[in-house]
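Colleague:
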Amino acid sequence: MPAHEKPPFAPMALIGAVAVSLSLGLAWAGGLIGPHRISGGEVANALEGNGGRFPGYRRAHAKGLCFSGSFAANGEGTALSTASAFRAGAYPVMGRFSLGGGNPLAGDGRNVFHSMALMLRTPDGQEWRMAMDHTPIFPVADVASFVGLMKATTPDPRTGKPDLAVLKPFLAAHPEVTAFQGYMAKAILPDSFANATYYSINAFRFIDASGAQHMVRWQFEPEAPLTGLDKTRLADLPRDALFREMIARTAKGPSRWHLKLVVANPGDVTNKATVAWSGPHRSVEAGVLTLTAVQPEEAGACRDLNFDPTILPPGISPSDDPLLGARSGTYSSSFTRRAGEGAHPSAIGQDSAREKSQ
Amino acid sequence: MSRHPRDFHPLLRLLHWLMALMVLAMLFIGVGMVSTAGPLYPALLALHRPVGIALLVLVLLRLPLRLLTGAPPLPADLPGPQKLVAKASHVLLYASMVGMPLIGWAMLSAGGYPVVAGSVSLPPILPHDLQLYALLRLAHTVVALLFFALVLAHLSAALFHGLIRRDGVLRSMTSGHRR
Chain V
2 MPAHEKPPFA PMALIGAVAV SLSLGLAWAG GLIGPHRISG GEVANALEGN
52 GGRFPGYRRA HAKGLCFSGS FAANGEGTAL STASAFRAGA YPVMGRFSLG
102 GGNPLAGDGR NVFHSMALML RTPDGQEWRM AMDHTPIFPV ADVASFVGLM
152 KATTPDPRTG KPDLAVLKPF LAAHPEVTAF QGYMAKAILP DSFANATYYS
202 INAFRFIDAS GAQHMVRWQF EPEAPLTGLD KTRLADLPRD ALFREMIART
252 AKGPSRWHLK LVVANPGDVT NKATVAWSGP HRSVEAGVLT LTAVQPEEAG
302 ACRDLNFDPT ILPPGISPSD DPLLGARSGT YSSSFTRRAG EGAHPSAIGQ
352 DSAREKSQ
Chain Y
378 MSRHPRDFHP LLRLLHWLMA LMVLAMLFIG VGMVSTAGPL YPALLALHRP
428 VGIALLVLVL LRLPLRLLTG APPLPADLPG PQKLVAKASH VLLYASMVGM
478 PLIGWAMLSA GGYPVVAGSV SLPPILPHDL QLYALLRLAH TVVALLFFAL
528 VLAHLSAALF HGLIRRDGVL RSMTSGHRR
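If you're matching them up, the sequences are chains V and Y in order.
Counting in the numbering used here, the first sequence runs from 2 upward without gaps.
Counting in the numbering used here, the second sequence runs from 378 upward without gaps.
(1) Tell me which same chain residues have a C-beta within less than 6 Å of the C-beta of I480/Y, skipping the five on either side of it?
(2) Please go through the same chain and pick out, in chain order, the residues whose beta-carbon is closer than 6 Å to the beta-carbon of R97/V, but skip the five residues on each side of it.
(3) Please check if any C-beta of chain V sits within less than 8 Å of the C-beta of G476/Y.
(4) Just to confirm, is the Cβ distance from S40/V to G32/V under 8 Å?
(5) Using C-beta distances below 8 Å, list every residue in its chain close to L427/Y, excluding the 5 sequence neighbours before and after it, in chain order.
(6) By the 7 Å beta-carbon criterion, what residues does the segment 100 to 128 of chain V contribute toward chain Y?
(7) Check the Cβ-Cβ distances between M2/V and every residue of chain Y, and say whether any is below 8 Å.
(8) Which of the three DSSP states, helix, strand or coil, is assigned to L230/V?
(9) Would you say P12/V reaches chain Y, if we count a Cβ-Cβ gap shorter than 8 Å as a contact?
(10) Select from the segment 399 to 418 of chain Y all residues with a C-beta closer than 7 Å to any C-beta belonging to chain V, and list them in chain order.
(11) Does DSSP classify T293/V as helix, strand or coil?
(12) Below 8 Å on the Cβ atoms is my guess for S335/V versus A45/V; work out the distance and round it to an integer in Å.
(13) Starting from the beta carbon of V19/V, find every residue of chain Y whose beta carbon is closer than 8 Å, and list them in chain order.
(14) Give a yes or no on whether 8 Å exceeds the smallest Cβ distance from H425/Y to chain V.
(15) Pick helix, strand or coil for R257/V, following the three-state DSSP scheme.
(16) Classify I208/V as helix, strand or coil using the three-state DSSP reduction.
(17) Going straight from the alpha carbon of S71/V to that of M185/V, what length do you get?
(18) Give the straight-line distance between the Cα atoms of Q359/V and I349/V, rounded to the nearest whole angstrom.
(19) Strictly below 9 Å CB to CB, what residues from chain Y border A327/V?
(20) Which residue from D322/V, V217/V, G229/V puts its Cα closest to that of G316/V?
(21) Should D143/V and A265/V be called a contact, given that it needs their Cβ atoms to be closer than 8 Å?
(22) Report the neighbours of A311/V on chain Y: residues whose CB is nearer than 7 Å to its CB, in chain order.
(23) Three Cβ pairs or more, each shorter than 8 Å: is that satisfied between the segment 229 to 246 of chain V and the segment 269 to 278 of chain V?
(24) Please report the distance separating the alpha-carbon of G35/V from that of W29/V.
(25) Which ranges would you report for the beta strand (DSSP E) in the segment 296 to 342 of chain V if only whole runs of at least 3 residues count?
(26) On the DSSP letters alone, give me the boundaries of the alpha helix (DSSP H) that Q220/V sits inside.
(27) Chain B partners of V44/V, CB-CB under 7 Å?
(28) Which residues in chain V have a C-beta closer than 8 Å to the C-beta of S498/Y? List them in chain order.
(29) Using a cut-off of 8 Å between C-beta atoms, extract the partners of F207/V located in chain Y.
(30) Would I406/Y be called buried (16 or more neighbouring beta carbons within 10 Å of its own) or exposed?
(31) When you check each C-beta in the segment 178 to 203 of chain V against every C-beta of chain Y, which residues fall closer than 7 Å?
(32) Distance, Cα to Cα, L367/V vs L485/Y?
(33) In three-state terms, what does DSSP make of D269/V?
(34) Check whether the Cβ of L15/V lies closer than 8 Å to any Cβ atom in chain Y.
(35) Quick check: what's the CA-CA separation for Q296/V versus S279/V?
(36) Could you check whether G229/V and S190/V sit closer than 8 Å to each other, using their CB atoms as the reference points?
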């Protein structure tokens, strides 16, 4: 084609059409056009909208304390999974205790929802991250309901309580949330991080040496006897009561939990964390977790980690529970946000700095 | 292996088209996975890392092959500035192909994440540092979008050579010239 001629229309149009189609395709893949998708960022926004925005902290379970210790596997867990963590031996662990909510400086009585995050590494380089709650079930089963729950329970700035015009229809459409609230009202609220049982919430797929799969939910059962908080006087708790109790307790001696792997019966629901497994179940005690030290987030190793429950060793994989992907995507958004904002002082770090200066 | 002087080495052509498909797939997978917290998120993430590692291996094979076997000369009648743009865009394409997986790997390292794809486990290449993580995480998105724009420009230019100029440039990367 000589330079002075105009390019022919049809091939030029074709080239343009290819570029435009690919661009539209990418916009569709990214969710800019087409049906609405809930991203991890949108869930993080819903969390910020519900509890307030606190730059530099986790968007949920913002108030925490690091710990370290070890997991002594007895070898029994190898019956269910080839993960190295189940081979008899002792492996170092680190983790984080936290309470619910996005406010890192909230009083301990305001949002009593004990959680334990764990990271377990074996010498062969396998890594297992867990994020567990002290309830065997979760209030909602999927990401859309979770965003709905955050919106429906957002306190009205005038009254400080959720707007009933939003909350009532939401609860009517989500009986599982009402069921969860009923469970929480009856359940004992542990008066220590050390005497709570921590549950995996979701089911996971365990694969044994023969390749057979087992659907498993696990729980860490405390050696410390369970005693409860007075639910009517939660507001009277000092700001960091539960965390300080754990620090004082650990100064006196270690705390221990027994890891129980609970295998699903045929017919058990594995894709809804709202449904408890009831009745007798095969359970395998896989080992003992010993917590020997706690550290404020400033000094510990837990703050700068994302305890994404889908980071699993070979031999364990996620189940078909959609909540797992939702947790993974949301934790990732929260992690990226706070990484960009820079870390801020933790409540426990403030306490210990104050005590040192006195 | 003997070949026509106006063509790219056949192995380079094979790598080009294989990687072209993989790179486009990766860009779509990447923007797709961050758009959703649904079941597709973990599924796409499970694809993203192994394909990224595979692309890094492939480009590390391809780059020396390209330096060793060279590129056919551009048409003599192509204006100077266009030749310059062509050469610069190829340097940027190679830089993106090497850079994207390395940024991804570095970003996971700085975030304290294990870099695992199936049975392959890679060591961290940066210290665990959230400030670094935040910077690299942003770079991963920005470079990806620039890479996509570059791929579009490259594809449009290739079609311009093939459909309008008909000067053999497109053919040098496809079926090749008759010997």
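A virtual CB, placed ideally from N, CA and C, is assigned to each residue, including glycine.
None of these values were measured; they are calculated from a predicted model.
Modeller: In short, the structure shows the following:
(1) L513, A516, H517
(2) G65, C67, A118, C303
(3) no
(4) yes
(5) The amino acid at residue 427/Y is misidentified as Leu; the sequence shows Pro. Cβ neighbours of P427/Y beyond the five flanking positions: A494, G495, V497.
(6) G126, E128
(7) Its pLDDT being 49, under 50, M2/V is placed unreliably in this model, and the coordinates cannot settle the point.
(8) coil
(9) yes
(10) L404, F405, V408, G409, V411, S412, T413, A414, G415, P416, Y418
(11) strand
(12) 5 Å
(13) L532, S533, L536
(14) no
(15) strand
(16) strand
(17) 31 Å
(18) 16 Å
(19) A414, G415, P416, Y418
(20) V217/V
(21) no
(22) Per the sequence shown, the amino acid found at residue 311/V is Thr instead of Ala. Going along chain Y in sequence order, the residues near T311/V (Cβ under 7 Å) are P419.
(23) no
(24) 6 Å
(25) 317 to 319
(26) First-last for Q220/V: 214 to 223, but that is the beta strand (DSSP E), not the alpha helix (DSSP H).
(27) Absent from the structure: chain B. Protein chains present are V and Y.
(28) G126
(29) Near F207/V there are no residues of chain Y at all, since even the closest Cβ is about 17 Å away, more than 8 Å.
(30) buried
(31) none
(32) Since the first and last residues shown for chain V are 2 and 359, residue 367/V lies out of range.
(33) coil
(34) yes
(35) 37 Å
(36) Checking the sequence shown, residue 190/V turns out to be Leu, not Ser. Yes, the pair counts as a contact, with Cβ atoms nearer than the cut-off.
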